[in-house]
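In UniProt numbering, the protein residues as written are 1 to 587.
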């Protein structure tokens, strides 16, 4: 049946089309000028994946607002829905958190490398509002989904090539294409490299959120759609997205996609499942074949990674347990013993075991390497650099540098991020005792992030300011969990903690109520529903995609590479639900 074009709002949707189709694909170099507080938290570098996504998102939002004003001026109606209450409260809390922030300029534009400040967060709400009100008709939805799927195909092809060893961002010619002319001479020096698929989305975890969201969306449409031609296209697209869903090796994305597909099969009626059993079987076998080929080409990597999932919940088994500095005394505690280092009156280093017996050593004059005569301490590797008074330390994979002060009061300092000397004061933490390694050390990050919530009930610290308030000088915790003291933790790896810390607990509660309302409404609409019409098929498909993103949010952050697509789909999903509810009432 042909859809009447006169019922379409496509001419008003082009900014949204650009946001979901083009913005995730943008990769271009920008030299970041740092000012103020950021000088103490970031190093000057090139941004390829976030800055221009932010710029074009904001430009698109301005155009969308202008075009939507024309739409409403010409008689377009704003739909009545309680979702606006949550959106307004969340928007107000974003603005208030920015106004009361100690660093409002950063809060407005966002932290370097992320750029998810106040303007971007408000843009997400604008996208959602316009999607609810402008995406009304079948033709609109098909057009938007086609654009989204074309964009996802390009992202997936780039990602699959990366998995196979052909990274387009690693070659000099392609690197020149993503650099402005003023920086093209740097193409040989730039190294954009991840072990897993990152495509145009910057990080394998973000690929996991994106593909984890679109994977169940395409599977649901594939199962529910009747057209054989569209089934084949959606089946091929599902396989392409599936390859990236696996190849990025994001545990969060895999769990999200898997859990959401289970939800899909719970929602489908027995009649629908029986009717679609052959297409489901064909797609299932195709998934197995893709997995087998990818695992083979990756030398068994997929199976190894999947089998390692259970390690994420096991009790930590650390070799290095603690480091304590007390002025001129440096105590290193491992799972086997303790080593005490002192600065003596002659400014020489003395080493003692846990029984306070001296450990003899030799120091090589040429390079400052310290060799212990006792074989029990061969696992400790020290190197003293006399010119800078630095003591390099290695134990297993852990590496740290200690600054030795010998003027006036003798003292050890451990060098942390940005090369700053720190003491080893106790850092406030909550939970995850002996499980800080949980979920790739998210347990450590969460344990230091939860105490920050004490100050963020009404307003947060400010949009995208998490990095400025995380205890970055927890050098010992970083050393034990990440193997280095110099890393900066700039995100909590949990979208819900991210909201609560940046814009406040009230805003988190508001957002959760908004998400919860949509989930409740969708379950009521689609449970045991015969998916015989376009809106039901599309609505349930978007619903499982939204759920997948929210599951991934337990382990991943909101990020400008993926979030605009989510908020657009959420608005579209709400629009469909409102239409289906209206149809049920008028029967």
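In this text, a Cβ means the ideal position worked out from N, Cα and C, and glycines have one as well. Remember, it's a predicted structure, so these values are computed and weren't measured experimentally.
Cβ shell of residue i (< 7 Å), same chain only, five flanking positions each side left out
i	result
residue 79	132, 133 and 578
residue 98	104, 107, 108, 118, 462 and 463
residue 473	416 and 422
residue 101	107, 461, 462 and 465
residue 504	93, 97, 456, 457, 458, 459 and 460
residue 31	46 and 183
residue 225	231, 234 and 537
Contacts around residue i, its chain only, beta-carbon distance under 8 Å, and the 5 residues preceding and following it disregarded
i	result
residue 271	530
residue 469	452, 461 and 501
residue 89	506, 507 and 510
residue 37	103, 106 and 468
residue 652	The shown model of the chain, from 1 to 587, leaves out residue 652, and the question about it has no answer.
residue 5	For residue 5, the predicted structure reports a pLDDT of 48, less than 50, and the residue's modelled location is therefore unreliable. The matter cannot be settled from this model.
residue 527	267
residue 279	222, 223, 231 and 235
residue 432	438, 443, 444, 446 and 447
residue 338	331, 332, 353 and 354
residue 40	418
Nonlocal neighbours in the same chain, by C-beta distance under 6 Å from residue i, ignoring five residues either side
i	result
residue 571	128, 131 and 132
residue 343	328 and 410
residue 606	The requested residue 606 is not part of the displayed model; the chain covers only 1 to 587.
residue 589	Residue 589 lies beyond the range of the chain shown here (1 to 587); nothing can be said about it.
residue 12	67, 71 and 134
residue 15	60, 63 and 64
residue 559	206
residue 155	199 and 200
Reduced DSSP secondary structure (H/G/I, E/B, other) of residue i
i	result
residue 29	coil
residue 91	helix
residue 572	helix
residue 324	strand
residue 361	strand
residue 419	helix
residue 49	coil
residue 9	coil
residue 14	helix
residue 343	strand
residue 116	coil
residue 391	strand
residue 2	Unreliable placement is indicated for residue 2, whose pLDDT of 41 sits below 50; no coordinate value is reported for it.
residue 587	Because residue 587 carries a pLDDT of 48, less than 50, the predicted location of this residue cannot be relied on, and the following value inherits that uncertainty. Reduced to three states, the DSSP call for residue 587 is coil.
residue 129	helix
residue 84	helix
Segment limits, alpha helix (DSSP H) that includes residue i
i	result
residue 140	138 to 163
residue 232	228 to 247
residue 526	505 to 526
residue 272	270 to 275
residue 475	475 to 482
residue 109	104 to 109
residue 537	534 to 552
residue 220	204 to 224
residue 251	251 to 267
residue 467	466 to 469
Bounding residues of the beta strand (DSSP E) (the contiguous stretch that carries residue i)
i	result
residue 370	369 to 372
residue 381	380 to 385
residue 334	329 to 334
residue 352	349 to 352
residue 458	Segment: none, residue 458 is in no beta strand (DSSP E) and carries neither H nor E.
Residue-level contact to chain B via CB, residue i, 8 Å cutoff
i	result
residue 78	Absence of chain B from the displayed structure is noted, only one protein chain being present.
Rounded Cβ spacing between residue i and residue j (contact assumed at less than 8 Å)
i	j	result
residue 213	residue 545	5 Å
residue 247	residue 198	Residue 247 to residue 198, Cβ: 10 Å. No contact.
residue 538	residue 141	6 Å
residue 51	residue 124	Contact flag wrong, Cβ pair sits at about 17 Å.
residue 215	residue 238	7 Å
residue 383	residue 368	5 Å
residue 548	residue 243	The Cβ separation is near 17 Å, so there is no contact.
residue 361	residue 373	6 Å
residue 91	residue 57	That pair is no contact at about 16 Å.
residue 292	residue 400	Residue 292 to residue 400, Cβ: 43 Å. No contact.
Within the stretch 399 to 444, ranges of the beta strand (DSSP E) (whole runs, at least 3 residues): For the stretch 399 to 444, whole beta strand (DSSP E) runs of length 3 or above, ordered along the chain, are 411 to 415.
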